[in-house]
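Those letters in the sequence shown? Residues 1 to 328, per my numbering, in order. The C-beta atom is built at its ideal place from N, Cα and C for all residues, glycine as well. Model, not experiment: these values are computed from the prediction.
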Amino acid sequence: MTYFPVSVAPMVDRTDRHFRHFLRLLAPKTILYTEMVTSPAIIHGPRDYLLGYSPVEHPLVLQLAGDDPEELRRVVEIADPWNYDEINLNCGCPSDKVQEAHFGACLMAEPKLVASVVKAMTQGTSKPITVKHRIGIRGKETYEEMRDFALACSDAGASRLIIHARIAILEGLSPKENRTVPPLRYEDVYRLKQEHPELKIEINGGILTPEDVVAHLKYVDGVMIGRAAYDNPYVLTKIERALTGEPLEHITRRWILEQMIPYVEEWEGKDVWWHRIMMHLHGLFAFHKGTKKWKQILSPPFKKFASGVDAIKLALDTLPAEVLDSRE
Numbered sequence: 001m002t003y004f005p006v007s008v009a010p011m012v013d014r015t016d017r018h019f020r021h022f023l024r025l026l027a028p029k030t031i032l033y034t035e036m037v038t039s040p041a042i043i044h045g046p047r048d049y050l051l052g053y054s055p056v057e058h059p060l061v062l063q064l065a066g067d068d069p070e071e072l073r074r075v076v077e078i079a080d081p082w083n084y085d086e087i088n089l090n091c092g093c094p095s096d097k098v099q100e101a102h103f104g105a106c107l108m109a110e111p112k113l114v115a116s117v118v119k120a121m122t123q124g125t126s127k128p129i130t131v132k133h134r135i136g137i138r139g140k141e142t143y144e145e146m147r148d149f150a151l152a153c154s155d156a157g158a159s160r161l162i163i164h165a166r167i168a169i170l171e172g173l174s175p176k177e178n179r180t181v182p183p184l185r186y187e188d189v190y191r192l193k194q195e196h197p198e199l200k201i202e203i204n205g206g207i208l209t210p211e212d213v214v215a216h217l218k219y220v221d222g223v224m225i226g227r228a229a230y231d232n233p234y235v236l237t238k239i240e241r242a243l244t245g246e247p248l249e250h251i252t253r254r255w256i257l258e259q260m261i262p263y264v265e266e267w268e269g270k271d272v273w274w275h276r277i278m279m280h281l282h283g284l285f286a287f288h289k290g291t292k293k294w295k296q297i298l299s300p301p302f303k304k305f306a307s308g309v310d311a312i313k314l315a316l317d318t319l320p321a322e323v324l325d326s327r328e
């Protein structure tokens with residue numbers, strides 16, 4: 001995989017294959033991630049459903065959650081035929097459900113265990129193994145503890161570290177609150193890169209604009225965009241323009257909607273409800289005067305459209321041309 005210094009974070013109930021298809025239209029080079037998938041789910045569940053994707057989604061990373069080295073080694077072996085570009089270990093999710101399974105951010109308390117997991121994963125595949133983690137958890141939140149965790153992952157074979165620049169508070173805060181309440185500590189991530197330039201480090205947390213991305217790339221190797229990519233997905237096009245110098249003039253909102261028509265038709269032919277696909281497009285007109293009309297089109301009652309194609313065509317017929325053709 002040719003590394004591009006921008007990625008979209010794995011988000012449960014968000015970064016499914018339909019959203020990823022939509023994002024690939026907007027951002028040809030940006031690295032995409034699956035939703036988090038637990039290792040037991042892949043061992044015991046419907047693998048084609050959990051691991052399947054379209055080739056157009058590359059570069060694509062599979063994110064796994066688990067804590068058993070042998071189980072994770074087996075899972076990456078199982079996933080290998082699907083040919084993901086990388087496989088990522090989640091050490092950052094703070095949800096109660098994930099904690100109960102001993103996955104996610106709570107693993108930051110056990111760097112030796114995580115190192116064992118990473119090493120086992122590298123033994124199960126030739127694909128790069130990466131780790132996404134926080135700068136710490138409550139009670140283990142110093143720079144030194146974060147540094148030691150990162151070095152343990154790297155020494156075990158992790159090729160890149162994606163660091164959310166907040167601690168995770170595992171008791172008393174929801175996952176949503178954990179994305180906003182703990183203060184951002186970008187300087188700790190910058191310091192890690194400065195003191196250990198051999199590490200490949202991607203920063204995550206509170207990054208919203210092309211200007212933010214350019215500023216962070218002065219200090220680290222890459223930037224991961226989270227909720228901003230869902231709430232305002234066209235920002236990814238603007239970020240790629242800023243970083244590559246390519247005008248990407250064809251990528252307008254009109255063009256995106258036109259490209260989605262055959263995709264929606266294909267999946268409706270597979271008995272997938274159109275709103276399951278189109279719900280991911282709510283933010284396409286964010287910060288434009290067409291956003292209210294667009295959200296009305298995608299809002300209940302859903303039976304007002306026999307097909308998602310009808311919803312798209314209504315938008316193309318009724319939204320202002322200056323909005324549909326805008327590159328801002």
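Asked	Found
8 Å Cβ shell around residue 244 - same chain, five flanking residues per side excluded	29
Member of 323, 301 and 211 whose CA lies at the smallest distance from the CA of residue 257	323
Span separating the alpha-carbon of residue 72 from that of residue 121	6 Å
Where the beta strand (DSSP E) through residue 86 begins and ends	86 to 91
Residue 163 - partner residues in DSSP beta bridges	133 and 203
Residue of 70, 172, 166 and 179 minimising C-alpha distance to residue 189	166
Cβ shell of residue 217 (< 7 Å), same chain only, five flanking positions each side left out	5 and 223
Where the beta strand (DSSP E) containing residue 224 begins and where it ends	222 to 225
Reference residue 261, options 220, 152 and 314, closest by Cα	314
C-alpha distance - residue 265 paired with residue 309, whole-angstrom precision	7 Å
Given residue 311 as reference, the closest of 295, 115 and 157 once Cα atoms are compared	295
Rounded C-alpha distance that separates residue 46 from residue 37	12 Å
Contacting residues, own chain, Cβ-Cβ under 7 Å from residue 41 (five flanking each side not counted)	50
Residue 33 - DSSP class collapsed to helix/strand/coil	strand
Nearest residue (CA-CA) to residue 202, options 263, 219 and 208	219
Beta-carbon spacing of residue 130, residue 159 below 7 Å	yes
Classification of residue 287 by the beta-carbon crowding that lies within 10 angstroms, buried from 16 upward	exposed
Range of the contiguous alpha helix (DSSP H) that encloses residue 306	No alpha helix (DSSP H) contains residue 306, which DSSP labels as neither H nor E.
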